[in-house]
Amino acid sequence: MKTTSTAVVILILMSALFSCTERIDIELKENFRRIVVEGTITSDTTAHRVRLTTTTNYFYGEEPPVVAEAIVYLDNGNQKIQLDETPVGSGVYQTPADYYGIPGTAYQLEINIKEPIGDQDFFTASNTMPETALSIDSISLEYEPTFEIWFVKLYALDPPTTDFYRIDVQVNDLLISDTASRAQVTDDRFFNGNNTNGLTVSILRKDEVNVGDTVTLLLSSITEDYYRFFMQLQMESGFSSPLFSGPPANVTSNIKEGGLGFFAAMGRARKTLIVTDEVWTNTGR
Amino acid sequence: MLQEYIRKLFLSALILLLSLMVLTVKASDETPERKYLTLNGFIRDAGSGETLIGATVYIEPTSGGTITNTYGYYSVRLYSGLYTLTYSYVGYEKQYRTINMLRDTTINVDLVSAEQLLGEVVVKGEAATERISKAQMSVNKLEIKSIRQIPALMGEVDLIKAIQLLPGVQATAEGGSGFSVRGGSPDQNLILLDEALVYNPSHLMGFFSVFNNDAIKGVELYKGDIPPMYGGRLSSVVDVRMNEGNSKKFSGQGGIGTISSRLMIEGPIQKDRSSFMLAGRRTYADLFLALSSDEQIRENTLYFYDFNGKANYTLDDKNRIFLSGYFGQDVFSNDFFGLGWGNQTFTARWNHLFNNLLFSNFSLIYSRFNYNLGVPEGQPNAFDWTASMKDVTAKSDFTWFAGINHTLRFGVSGTWHVFSPGKAKGIGSETVFNELEMPKNRSLETGIYLSNDHKISERLMLKYGLRFSMLNNVGKATVYTFDEDFKRVDSANYGTGKIYNTYTGLEPRISLAYTLDEFSSVKAAYTRNVQYIHLAQNSTAGTPLDIWFSSSPNVKPQKGDQFSLGYFRNIREASLETSLEGFYKLNHNAIDFKDHAELLLNEYIEGEFRFGKAWSYGLELLFKRSEGRLNGWVSYTWSRTFRQIDAINNGIKYPATYDRPHDVSIVLNYELSKRVSLGANWVYATGSAVTFPTGRFKIGNTIVPVYSDRNSYRLPDYHRLDVSVTLRSKEKPGRKWQGEWNFSAYNAYNRKNPWVINFQSELDNPDVTYAEMTYLFAIVPSITYNFKF
Chain R
315 MKTTSTAVVI
325 LILMSALFSC
335 TERIDIELKE
345 NFRRIVVEGT
355 ITSDTTAHRV
365 RLTTTTNYFY
375 GEEPPVVAEA
385 IVYLDNGNQK
395 IQLDETPVGS
405 GVYQTPADYY
415 GIPGTAYQLE
425 INIKEPIGDQ
435 DFFTASNTMP
445 ETALSIDSIS
455 LEYEPTFEIW
465 FVKLYALDPP
475 TTDFYRIDVQ
485 VNDLLISDTA
495 SRAQVTDDRF
505 FNGNNTNGLT
515 VSILRKDEVN
525 VGDTVTLLLS
535 SITEDYYRFF
545 MQLQMESGFS
555 SPLFSGPPAN
565 VTSNIKEGGL
575 GFFAAMGRAR
585 KTLIVTDEVW
595 TNTGR
Chain B
2 MLQEYIRKLF
12 LSALILLLSL
22 MVLTVKASDE
32 TPERKYLTLN
42 GFIRDAGSGE
52 TLIGATVYIE
62 PTSGGTITNT
72 YGYYSVRLYS
82 GLYTLTYSYV
92 GYEKQYRTIN
102 MLRDTTINVD
112 LVSAEQLLGE
122 VVVKGEAATE
132 RISKAQMSVN
142 KLEIKSIRQI
152 PALMGEVDLI
162 KAIQLLPGVQ
172 ATAEGGSGFS
182 VRGGSPDQNL
192 ILLDEALVYN
202 PSHLMGFFSV
212 FNNDAIKGVE
222 LYKGDIPPMY
232 GGRLSSVVDV
242 RMNEGNSKKF
252 SGQGGIGTIS
262 SRLMIEGPIQ
272 KDRSSFMLAG
282 RRTYADLFLA
292 LSSDEQIREN
302 TLYFYDFNGK
312 ANYTLDDKNR
322 IFLSGYFGQD
332 VFSNDFFGLG
342 WGNQTFTARW
352 NHLFNNLLFS
362 NFSLIYSRFN
372 YNLGVPEGQP
382 NAFDWTASMK
392 DVTAKSDFTW
402 FAGINHTLRF
412 GVSGTWHVFS
422 PGKAKGIGSE
432 TVFNELEMPK
442 NRSLETGIYL
452 SNDHKISERL
462 MLKYGLRFSM
472 LNNVGKATVY
482 TFDEDFKRVD
492 SANYGTGKIY
502 NTYTGLEPRI
512 SLAYTLDEFS
522 SVKAAYTRNV
532 QYIHLAQNST
542 AGTPLDIWFS
552 SSPNVKPQKG
562 DQFSLGYFRN
572 IREASLETSL
582 EGFYKLNHNA
592 IDFKDHAELL
602 LNEYIEGEFR
612 FGKAWSYGLE
622 LLFKRSEGRL
632 NGWVSYTWSR
642 TFRQIDAINN
652 GIKYPATYDR
662 PHDVSIVLNY
672 ELSKRVSLGA
682 NWVYATGSAV
692 TFPTGRFKIG
702 NTIVPVYSDR
712 NSYRLPDYHR
722 LDVSVTLRSK
732 EKPGRKWQGE
742 WNFSAYNAYN
752 RKNPWVINFQ
762 SELDNPDVTY
772 AEMTYLFAIV
782 PSITYNFKF
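Here the protein sequences come in this chain order: R and B. Residue 599, in the numbering used here, is where the first sequence stops; the numbers in between run on with no holes. Residue 790, in the numbering used here, is where the second sequence stops; the numbers in between run on with no holes.
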């Protein structure tokens, strides 16, 4: 939620006035291994991916080990398809490239793995793609000289239902919001049923936008479960402070039988802005 | 039905207790030859006319005595006869009177403070026997004079930081104003300023407290054995009293410090009858921001200020009126956002003596805490967010010096709470935000109590009492019903003024003291406390963004039982007061918050609460020397604190964050000469219990920690030394102005005490993770100039 996160930013800044940081060595116990599922079905027509990895000890220092040679099914209620591991041994399982999700459909994921993890070799997860009707009127950019950042502003009409959104930004073909701290999720409490009227939904660094670039905003409608998962992901991976952070806690998951991660189905709309000379001038850069 | 039954039960118990007391009072051995007489009066400071709280009257040959109440009044019943009276108070010269009691007698005494005695550095005094014989344990009293001698952060003398140095008290976070008493939560402390509740005693994120030392007379901290006149909190009472003002002459004091300046003026309105006190303080931390090389920091506004004011009028021998108020505000803002918070309190009191034996006080109290936060107009997503907690209280307290062996106390109080947990709205004509207002929460908290200080024999003192408390939730309100998974299933609406829920509580408080010999005693106490309003906060240091909520159909009152046992000994040769106390404390219906709880701007906040129990136990050892060139205290506390909440940590018990088994405080002050004194304090505490990751996984390019048991790790142990030197100006006859320089160093050996440990990914390679500690204060030197005139 925007307001609370602004409050948090203010408090971080206040505490930063008095504090210093330093790396220290800490010995941590090891936890038992668990499977991690990261899968997304969107309304886009593309090869949708499910990635299977495992947990590691905290100071592992490398890419997580992948879970290869699993048998993964995607079931939309009418049709159950097996996802192919491409490339073989990568732990990434994909739908055919012409596959697209349909809003209102309940998707079920079934995973059979060869070697049991935590005494389990079968995992399931399900998620229903929200029916929120999405359309973006336009997006714009505004430059903020003090902090040397770009505000990405959204003009769209929010339906009267309770909705949850995820916002991603791509510049040319590069996904900027590939970490939890750069992507945004929000509920619609503050603009329910209204036009978002230029709400700042994302922030880009000064050097991330140049004349001639194509900035694409992806607006996804997500379930409340996924919204909570992602908020928690941001909380647990971000900076914590005794001033405002509650006790650390595990991020929830919708993977049954003890898995971690999330299998999400989301409807998606996108809008593109080409940064022409005229656009560049109007941003105040 | 049940409530009706409880009410009847309570009434019958009260009647029974009352009649028992009257009977015991009447049954004393009064005969025409041995008549009861009353000795009473006020004890005051000779220099300022300020009443002295807790001053002792020692009566020989009864080998007993009494102490003054919070208004400096004492009253005692004696048979006719010849007595020697000793009036004493720590840091003051004793006075002796010999009287032949033939009729009721009033003796007002003005004691002369040691500072005003020429040629004498310190007064050596006897340790008070009252401390030994009185049936009151688990209490610590601090005079503002001794608080001033403790080296302080940036030279800002701070009452809350002094309290944190007492046995059984833990700061919840470095530099913060939050504290845990005997394992209780910070919201279980009843913090009163002239009887008015202070919801949030912190300035500047808690680094400083709202109590300006120039305006404060002293503080009493009850850690257990809380007298029945106090109610509403489980763990402690911090009773802070403001200066009344000098009724003899106009004077003032103040200081210019590293981060703030202070000025207090006081004087008579009508000599010896009425006086006033006004005090103000403002920080100038923002001046330091201007020195920063960072332009963004330079443009910030950051300060706090506060005002205290008090006036009192002595109408006649039997009536006295006090008016006091506090107003404080914190401001932090720049072009992009603003944050402000503050407390306001106002107290009007009327002391009335019905006769020499019946002392009464009537109070009307207003107290408010509010905050606002926002992004100013013209900035993207501009908004404004406000919240407030407001109390209006009416109360009356009576002390009846009923007999030689009985002092009865009774009273009633009622508080009307109105909490506005938050209202957020967009600002500017193009705002995209809807207005979002959390429903207001209204409740009425009432209490009545009766207690008796009962002297059974020369050796055995008993204090027993009962408090009956009640909370009424009052509409307008919407109450949600939650199922066992805390999912919202239903709601009910109640109209304005409708009482839709009632809780009652019976709170017995019993303690006894058995005097072994002139110098030592054992004491025991059992108390039950009920708490009806709670703070929704799950961070340790706490922010000003407090949300208080009352018990409701979904939230049962918290109940606390505490057992304590102690041995008290005065070592006269060394002027040492020592005590060893043990306690066990059980908190029923303890409140905690679910994982990743959303506490701010959440209409369904009651669904975020989880309930269980909390318990703690420990031993506190204290050596204290109040007089002599070397004074101060050494305390050691061993204690444990656990919680068990079904929905947290899989229902397995876990240590609370402020479970810090070993805790040492050494607070020393040494008068090197008449003009130079040295102060030092050293604290040591086991690191607080924290949760660290035991594994990780990766989503996108984000590393996510995996945790095992809650609070199963410890931060490194905390320790710190603060030192100070005070140089006083030479006293010259005829010169009113007295100045002193205070040089202090906080964290003198520059210990890096972790405030928090974060687990982070390297920016360019998120797979490489590391632990990073944040510490707040390296060595902080400061200079303060204090003056008196």
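Ideal Cβ placement from N, Cα and C applies to all residues, glycine included.
Residue i to residue j span [Cα, whole Å]
i	j	result
PHE347/B	MET390/B	14 Å
GLY202/B	SER458/B	Correcting the residue identity first, residue 202/B is Pro in this sequence and not Gly. Using only the alpha carbons, I get a separation of about 42 Å.
LEU566/B	PRO656/B	24 Å
THR354/R	VAL665/B	54 Å
LEU451/B	GLY66/B	22 Å
SER333/R	LEU167/B	26 Å
ALA537/B	ARG611/B	11 Å
GLY429/B	LEU374/B	16 Å
SER334/B	HIS204/B	15 Å
ALA420/R	SER709/B	32 Å
Residue of the options minimising C-alpha distance to residue i
i	options	result
LYS675/B	LEU728/B, TYR585/B, THR408/B, VAL199/B	LEU728/B
GLU607/B	PRO755/B, ASN109/B, MET439/B	MET439/B
ASP798/B	LYS614/B, ARG736/B, ILE500/B	The structure shown has nothing for residue 798/B, since chain B only spans 2 to 790.
MET155/B	THR173/B, SER210/B, LEU143/B	SER210/B
ALA361/R	ILE340/R, CYS334/R, LEU397/R, LEU342/R	LEU397/R
SER236/B	LEU463/B, GLU621/B, PHE180/B, MET774/B	PHE180/B
GLN380/B	ILE68/B, PRO558/B, GLY427/B	GLY427/B
GLU61/B	THR85/B, PHE370/B, LEU673/B	THR85/B
PHE558/R	ALA598/B, GLN254/B, ALA280/B, PHE402/B	ALA598/B
ALA470/R	GLY598/R, SER535/R, PRO459/R	SER535/R
ARG460/B	ASP159/B, ILE133/B, THR432/B	ILE133/B
ASN213/B	LEU279/B, GLY268/B, LEU716/B	LEU279/B
ASN313/B	SER252/B, GLY341/B, ASN244/B, ARG283/B	ASN244/B
PRO187/B	LYS218/B, LYS224/B, ASP273/B	LYS224/B
LYS441/B	ASP454/B, VAL480/B, THR416/B, LYS456/B	VAL480/B
Distance CB(residue i)-CB(residue j) smaller than 8 Å
i	j	result
TYR776/B	HIS720/B	no
ILE44/B	LEU38/B	no
ALA494/R	ARG480/R	no
PHE411/B	PHE399/B	yes
ALA779/B	ARG337/R	no
LEU587/B	PRO229/B	no
HIS535/B	PHE520/B	no
ASN682/B	ASP723/B	yes
ASN702/B	PRO767/B	yes
GLN408/R	THR400/R	yes
SER76/B	LEU358/B	yes
Helix, strand or coil at residue i according to DSSP, with G and I counted as helix
i	result
LYS520/R	helix
MET443/R	coil
GLY561/B	strand
VAL525/R	coil
TYR372/R	coil
GLU300/B	coil
GLY652/B	helix
TYR605/B	coil
VAL781/B	strand
Length at least 3, wholly inside the segment 139-182 of chain B: the beta strand (DSSP E) runs in chain order: Scanning the segment 139-182 of chain B for uninterrupted beta strand (DSSP E) segments of 3 residues or longer gives 140-144, 170-172, 180-182, listed from N- to C-terminal end.
Contiguous beta strand (DSSP E) assignments of at least 3 residues, all confined to the segment 353-428 of chain B: Fully enclosed beta strand (DSSP E) runs of 3 or longer: 359-376, 384-404, 407-427.
Beta strand (DSSP E) runs contained entirely in the segment 91-119 of chain B, provided each spans 3 or more residues: Complete beta strand (DSSP E) runs here, min 3: 96-102, 110-112.
Residue ranges of each alpha helix (DSSP H) within the segment 199-286 of chain B, 4 or longer: The segment 199-286 of chain B contains no whole alpha helix (DSSP H) run of 4 or more residues.
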